[in-house]
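Notes follow once the structure below has been shown.
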Amino acid sequence: MRNTFFLLFLASWFVHFCTADERPNVLLILSDDHSVPHLGAYGDENCISYRITPNLDAFAAEGMRFDRAYTTAPQCAPSRISIFAGRSPVRLGVTRFAQPPRSGVRFFTDVLRDHGYWVGLDGRHQHLDGRIREAEHIDQTLIEEGMRNLDKRFDHFVRSWGT
0 MRNTFFLLFL
10 ASWFVHFCTA
20 DERPNVLLIL
30 SDDHSVPHLG
40 AYGDENCISY
50 RITPNLDAFA
60 AEGMRFDRAY
70 TTAPQCAPSR
80 ISIFAGRSPV
90 RLGVTRFAQP
100 PRSGVRFFTD
110 VLRDHGYWVG
120 LDGRHQHLDG
130 RIREAEHIDQ
140 TLIEEGMRNL
150 DKRFDHFVRS
160 WGT
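Numbering that gives the first Met the number 0 applies: residue 0 is where the sequence shown begins, and numbers increase by one.
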C-alpha cells in the first residue's frame with residue numbers, strides 16, 4: 000500500500016514537470032479542389048508543384064499531415080462547416096451552399112478560445128453562417144447583418160471574398 004502511494008505521488012510529480020508550458024500552435028489550411036499532387040509534402044516527385052511549396056512542406060514535416068482525410072460532402076460550404084463543427088453536414092442541417100447550421104452548434108474554434116487560444120480566420124468564409132448567398136449583396140448584407148454569428152467566433156476575422 001505504501002509503495003502504491005509513493006508511485007502515485009511520483010507519477011503525479013513527474014507528470015507535473017513533464018507537461019509543456021506552452022500549448023501547441025494550431026494552423027488549419029483548407030483549399031478547394033486540392034489534392035495530393037499540389038503539395039511537395041505528399042511526395043509526388045513527378046508533379047510540377049513538387050519542391051515549390053517549401054513553407055507548407057516544412058509545416059507538414061514539423062506537424063501533422065492528413066494522409067487519409069476525405070470530404071464529407073461534394074460541395075465546399077457543407078464540407079467546410081463539417082470540419083469546423085466536427086459533425087456531418089446532414090446532422091448540422093447544412094446540405095447546400097450558404098445554409099446556416101442549426102442553432103447551438105459549436106465550432107472547434109469555440110473550444111480553442113475557451114482554452115485561451117487566439118483564433119483567426121482569413122479567406123472564404125462568407126457561407127459558414129448562411130447569411131450571404133450572392134456576391135453582389137455582400138456589402139449590404141454585412142451592413143445589415145454584421146456577420147453577427149461568425150465574427151464573434153474569432154479574435155482575428157478578415158472578410159475576404161472570391162477565391
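Backbone N, C-alpha and C define an ideal beta-carbon position, used for all residues, glycine too.
### Task
Use the C-beta contact count for Ser81: other C-beta atoms within 10 angstroms, 16 or more gives buried, fewer gives exposed.
buried
### Task
Measure the Cβ-Cβ separation of Phe96 and Ala72 and say whether it is below 8 angstroms.
no
### Task
Determine the contact status of Asp40 and Ala59, defining contact as a CB-CB distance below 8 angstroms.
Looking at the sequence provided, one finds Ala at residue 40 rather than Asp. Contact: yes.
### CA nearest to the CA of Ser78, picked from Leu29, Val25, Gly119
Leu29
#### Entry: Member of Leu55, Arg86, Gly62, Trp117 whose CA lies at the smallest distance from the CA of Thr70
Nearest of Leu55, Arg86, Gly62, Trp117 to Thr70, Cα basis: Arg86.
### Query
Just the Cα atoms here: how many angstroms apart are Gln74 and Glu61?
For Gln74 and Glu61, the distance between alpha carbons rounds to 30 angstroms.
### Message
Using a 10 Å radius around the Cβ and a threshold of 16 neighbouring Cβ atoms, would you call Pro100 buried or exposed?
### Response
Result: buried.
### Query
Nearest-angstrom Cα distance between Asp56 and Asp113?
A direct Cα-Cα distance of roughly 30 angstroms separates Asp56 from Asp113.
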